[in-house]
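The opening position of the sequence shown corresponds to residue 1 in full-length UniProt numbering, with each subsequent residue numbered one higher.
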Amino acid sequence: MTLRMGMVKWFDRNHGVGLIAPLDGSSDVFVDRTSIANSTKLLTEGQNVEFSTYRTSRGPFATDVIAF
1 MTLRMGMVKW FDRNHGVGLI APLDGSSDVF VDRTSIANST KLLTEGQNVE
51 FSTYRTSRGP FATDVIAF
């Protein structure tokens with residue numbers, strides 16, 4: 001898998017889900033707290049992240065998310 005860079009568009013701390021906007025301008029990527037490698041399992045709007053993606057029936061999904 002190729003690592004990509006992006007920025008957190010939004011993240012709902014209560015539900016543990018959000019969207020990442022890839023820096024390459026491609027479509028937004030769904031993220032779930034189970035895919036976040038950091039120990040807090042939380043992301044913040046505007047935070048820079050590195051991630052991999054895979055395709056699901058609902059669209060691209062982020063995995064191996066590392067927040068900076």
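Every residue gets a Cβ at the ideal spot worked out from N, C-alpha and C, and that includes glycine.
Next item on the list: With Glu50 as the anchor, note down where its beta strand (DSSP E) starts and where it stops.
Entry: Asn48 to Thr56
Check: Do Val8 and Gly46 have their C-beta atoms within less than 8 Å of each other?
Finding: yes
Notebook entry, point to check: For Gly25, which beta-bridge partners are listed by DSSP?
Noted result: Paired residue(s): none; Gly25 is not in a bridge.
Notebook entry, point to check: Who are Gly18's beta bridge partners in DSSP?
Noted result: Phe11 and Val31
Margin query: Please list the terminal residues of the continuous beta strand (DSSP E) segment that includes Ala62.
Written below: Gly59 to Ala67
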